[in-house]
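Read through the structure below, which is laid out as structure tokens, and then see the notes.
Number of protein chains: 2
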Amino acid sequence: MGPNAYAATCPTRLVLDRIADKWAVLVLGLLLDGPVRFNQLRRTIEGVSQKMLSQTLKSLERDDLVTRKAIATVPVTVEYSITSLGKTLAVTVDSLRIWAEAHMESVQDAQQRYDARKAAGL
Amino acid sequence: MGPNAYAATCPTRLVLDRIADKWAVLVLGLLLDGPVRFNQLRRTIEGVSQKMLSQTLKSLERDDLVTRKAIATVPVTVEYSITSLGKTLAVTVDSLRIWAEAHMESVQDAQQRYDARKAAGL
DNA sequence: CAGAATCCAGCTCGATACTG
DNA sequence: CAGTATCGAGCTGGATTCTG
Numbered sequence: 134m135g136p137n138a139y140a141a142t143c144p145t146r147l148v149l150d151r152i153a154d155k156w157a158v159l160v161l162g163l164l165l166d167g168p169v170r171f172n173q174l175r176r177t178i179e180g181v182s183q184k185m186l187s188q189t190l191k192s193l194e195r196d197d198l199v200t201r202k203a204i205a206t207v208p209v210t211v212e213y214s215i216t217s218l219g220k221t222l223a224v225t226v227d228s229l230r231i232w233a234e235a236h237m238e239s240v241q242d243a244q245q246r247y248d249a250r251k252a253a254g255l
Numbered sequence: 134m135g136p137n138a139y140a141a142t143c144p145t146r147l148v149l150d151r152i153a154d155k156w157a158v159l160v161l162g163l164l165l166d167g168p169v170r171f172n173q174l175r176r177t178i179e180g181v182s183q184k185m186l187s188q189t190l191k192s193l194e195r196d197d198l199v200t201r202k203a204i205a206t207v208p209v210t211v212e213y214s215i216t217s218l219g220k221t222l223a224v225t226v227d228s229l230r231i232w233a234e235a236h237m238e239s240v241q242d243a244q245q246r247y248d249a250r251k252a253a254g255l
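Quick mapping for you: the protein sequence lines, in order, are chains A and B.
Position 10 (the first sequence) corresponds to 143 in our numbering; numbering is contiguous.
Position 64 (the second sequence) corresponds to 197 in our numbering; numbering is contiguous.
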């Protein structure tokens with residue numbers, strides 16, 4: 134890494150900021166299976182508020198990770214799809230899922246040991 | 134993915150929560166080159182407050198991603214090292230860095246186009 | 001040197017109400 | 001159905017001060 138690798142503008146920081154948004158990751162994962170409508174997403178993703186979902190979709194669209202298609206029915210329906218760019222990100226994030234499934238148990242064990250040590254008065 | 138894949142307890146969410154902390158990622162990356170002392174980290178990582186660094190190191194240690202070693206000099210010096218578990222995570226996060234370097238320019242272009250469209254009155 | 005503790009400004013996010 | 005607008009509680013994180 135170069136001397137400015139720890140500056141706020143490095144590309145890695147920008148992706149991390151993006152996937153730091155858990156709703157964004159969940160939306161991308163869901164859309165891998167095909168287009169989904171707004172309220173359908175809302176119902177599927179446990180715990181999203183309508184505000185957060187709306188916000189998340191807007192910024193995913195801004196990043197060209199997701200496309201929005203309004204269909205002129207009455208009332209209007211809106212369909213969200215993942216883009217090819219979005220797919221490449223979703224695939225990459227999947228490597229984190231794999232790491233998690235392989236190692237998160239170790240991490241949680243470590244946390245318990247740490248907490249137990251602290252509780253024992255250090 | 135199973136029916137509960139979108140619940141808050143899935144392992145993927147836990148890793149994402151971890152690497153959502155930008156300081157944690159930067160610390161892990163730095164420690165790949167070898168052990169570093171507290172204030173050395175503080176000086177190298179542009180923009181960390183002492184509070185955040187301290188907090189980050191503590192939780193990285195709790196997760197067994199980093200180890201802390203106090204050396205009884207006067208005044209005391211403390212050395213942080215990455216663990217083997219930490220290395221596996223750092224390597225995985227690197228795939229995100231690669232994605233970022235390959236695609237973040239497209240994303241930023243998309244953002245500009247999106248903003249321009251909005252500024253043009255939609 | 002390596003922190004812990006306190007205080008507080010700012011942002012996030014959920015809840016609620018309203019719209020085309 | 002698919003959102004927008006507004007308000008307020010709560011958490012986050014910087015600045016500052018103090019310690020072994």
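Think of the CB as a built atom: it goes at the ideal place given N, C-alpha and C, for glycine as much as any other residue.
What are the residues in the stretch 230-251 of chain B lying within 7 Å of chain A by C-beta distance? Within the stretch 230-251 of chain B, the qualifying residues are R230, W232, A233, E234, H236, M237, S239, V240, A243, Q244 and Y247.
Reduced DSSP category for B/I231 - H, G, I as helix; E, B as strand; rest coil: Working through the second sequence from its first residue, we reach residue 231 of chain B at position 98. Helix, per DSSP.
Between the stretch 193-210 of chain B and the stretch 179-189 of chain A, are three or more C-beta pairs nearer than 8 Å? Taking one beta carbon from each stretch, the stretch 193-210 of chain B and the stretch 179-189 of chain A have fewer than 3 pairs nearer than 8 Å; the two do not touch.
So which of B/S192, B/T177, B/Q173 and B/R151 has the shortest CA-CA distance to A/K251? Taking the first residue of the first sequence as position 1, residue 251 of chain A is located at position 118. Closest by alpha carbon: B/S192.
Roughly how far, in whole angstroms, is the beta-carbon of B/L149 from the beta-carbon of A/I231, given that I think they are within contact range, below 8 Å? Along the second sequence, read from residue 1 onward, the residue named residue 149 of chain B stands at position 16. Along the first sequence, read from residue 1 onward, the residue named residue 231 of chain A stands at position 98. About 13 Å separates the beta carbons of B/L149 and A/I231, which is beyond the 8 Å limit, so they are not a contact pair.
Looking only at its own chain, which residues have a Cβ that is under 8 Å from the Cβ of B/G167, when we skip the five neighbours before and after it? Here residue 167 of chain B corresponds to residue number 34 of the second sequence, with the count starting at 1. The residues are S214.
Within chain A, the residues that B/R288 reaches when beta carbons sit closer than 7 Å: Limits of chain B in this structure are 134 at one end and 255 at the other, which puts residue 288 of chain B out of reach.
For A/F171 versus A/V211, is the C-beta distance shorter than 7 Å? Position 38 of the first sequence, counted from the start, is the residue given in the question as residue 171 of chain A. Position 78 of the first sequence, counted from the start, is the residue given in the question as residue 211 of chain A. Their beta carbons are under 7 Å apart, which means A/F171 touches A/V211 by this criterion.
Residue range of the beta strand (DSSP E) that includes B/S214: In the second sequence, counting from the first residue as 1, residue 214 of chain B sits at position 81. Where B/S214 is concerned, the enclosing beta strand (DSSP E) starts and stops at T210 to I215.
What did DSSP end up calling B/V226 once you bin it into helix, strand or coil? As a working note, residue 226 of chain B is residue 93 in the second sequence. Secondary structure at B/V226: helix, using DSSP grouped into helix, strand and coil.
Give the residues of chain A in contact with B/I152, contact being defined as C-beta atoms less than 9 Å apart. Mapped onto the second sequence, residue 152 of chain B falls at position 19. By Cβ distance, chain A contributes L149, I152, A153 and L229.
Cutoff 7 Å: A/T225 Cβ touching any chain B Cβ: The residue labelled residue 225 of chain A in the question sits at position 92 within the first sequence. Yes, A/T225 lies at the interface with chain B (some Cβ there is under 7 Å from its Cβ).
Which chain B residues sit within Cβ distance under 8 Å of A/R195? Sequence index remark: in the first sequence, residue 195 of chain A carries index 62 (1-based). Under a criterion of Cβ atoms nearer than 8 Å, the residues of chain B adjacent to A/R195 are, in order, A243, Q244, Y247 and D248.
Can you look up A/E169 in the DSSP assignment and give me helix, strand or coil? Here residue 169 of chain A is taken as the residue at index 36 of the first sequence, counted from 1. Per the sequence shown, residue 169 of chain A should be read as Val rather than Glu. Three-state result, A/V169: strand.
Considering only residues of the same chain and omitting the five flanking positions on each side of B/G162, which have a CB-CB separation below 7 Å? Taking the second sequence and counting its residues from 1, one reaches residue 162 of chain B at position 29. Residues A223 of the same chain have their beta carbon placed closer than 7 Å to that of B/G162, with the five preceding and five following residues left out of the count.
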